Amino acid sequence: MHNFDARLRDAADRVTKAIDALLPPAQGPEERLLAAMRYAALGGGKRLRPFLTIEAGRMFDADDNVLLRAGVAIELIHTYSLIHDDLPCMDDDDLRRGQPTVHRQFDEATAVLAGDGLLTFAFEVLSDPATHRDPQMRCLLIAGLARAAGPLGMVGGQMIDMAGIAADMATAARMNRLKTGALIAFSVEAGALIGGAPDDARHALARYAADLGTLFQMADDLIDAEGSAAAAGKAVAKDAAAGKVNLVSLLGVEAARQRVRLLAAQAKNHVALFGSRSKVLCEAVDFVVERRY
Ligand code: GRG
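All letters in the sequence shown, in the order written, are residues 8 to 300 by my numbering.
Below is the structure:
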């Protein structure tokens, strides 16, 4: 299968089916919590992070089922972060993936708990021997995901965002690196880890993933600055309304677009040593740059 969109769709379908099979059905006294978790985790999304895990791992002939389960765990963390980010105490959003946010569809307490549930369930999935027969590999995946999502990763970046202290390029860049970049970087790293990639390959992929993470956040900031809510499936122009700066507002749209082009070329250069094996990862760069939602 060569077509990038078809490949991404195929991975997304497999991720959705796997999450559906893994998450407990909404029944019993916890029905409302499980219904909210399923609503969030099965309600769309590009599934870009698991796609990156799967594609990075395939470059080293990793086991597809292991890649899928690691990707699912990463997607569960990503979904939790979106639920909590949308809460009234954070970004206070009504719309996510074109649907009411979890606290709008259910209520605030249920949304907090659904996020907590997905966060912890992600680690349950990784720690299951069905993910990988080698306990050391399971530990490496758990530790890597915890680091990427934790206080020195995504949660730390969110704190910088919430505190509104990213007023200069250096702080804004670091905020992006932590808030969005860390999980994207781990998505690629997990594939390389599972595939037993040699050190030089892992380093090249880490550099690629760092650039991809920055590109991803800048594309998101460009959507916020210029996109339409209908196309994005979420509110736009939120940063400016909240008086927040980001790399795009600090650079200006034109210079930001120029930076995006440069980073895109740089990301592809990092994986050029893999030749045609990195074709999909290069297409992923274009996908991230061109995305409108
Ligand atoms: C609340 C702990 C905590 C963390 C929140 C990631 C994040 C940190 C907040 C999300 C806010 C946001 C819109 C960030 C911009 C980048 C981003 C993560 C966009 C959404 O990711 P996509 O485009 O979403 O991959 P889909 O819906 O395709 O899964």
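Built from N, CA and C at the ideal position, the CB exists for glycine as well. All of these numbers come straight from a predicted model, not from anything done at the bench.
- Contact check for R104 and G50: beta-carbon distance about 6 Å, within the 8 Å limit, so the pair qualifies.
- Under the three-state reduction of DSSP output, P107 falls in the strand class.
- When secondary structure is reduced to three states using DSSP, L229 falls in the helix class.
- The shortest CA-to-CA distance from A80 to any of K245, V287, D68 and L29 is the one to L29.
- The C-beta distance from L59 to G151 rounds to 14 Å, too long to meet the 8 Å contact threshold.
- Of the heavy atoms belonging to the ligand GRG, none sits nearer than 6 Å to the Cβ of R21.
- In the DSSP assignment, T86 falls within the unbroken alpha helix (DSSP H) covering D71 to D93.
- Using a cutoff of 6 Å, the CB of M166 does not count as near the ligand GRG, since none of the ligand's heavy atoms is closer than that.
- For A291, the closest alpha carbon among the candidates G282, A271, L102 and C146 is that of A271.
- Under DSSP, the beta-bridge partners assigned to L102 are P107.
- At a threshold of 6 Å, R104 counts as near the ligand GRG, since its beta carbon sits closer than that to one of the ligand's heavy atoms.
- Within its own chain, the residues whose Cβ lies closer than 6 Å to the Cβ of T86, once the five positions on either side in sequence are excluded, are A47, A48 and L125, listed in chain order.
- For N183, the enclosing alpha helix (DSSP H) stretches over residues M176 to N183.
- In its chain, beyond the 5 residues on either side, D175, M176 and A179 have a beta carbon closer than 8 Å to the beta carbon of L257.
- Remark: the shortest separation between the CB of G78 and any heavy atom of the ligand GRG does not fall under 6 Å.
- Between A213 and E233 the beta-carbon gap is near 31 Å, outside 8 Å, which marks them as no contact.
- Note on geometry: alpha-carbon atoms of F281 and H210 lie some 12 Å from one another.
- I172 is classed as exposed because its beta carbon has fewer than 16 other beta carbons within 10 Å across all chains shown.
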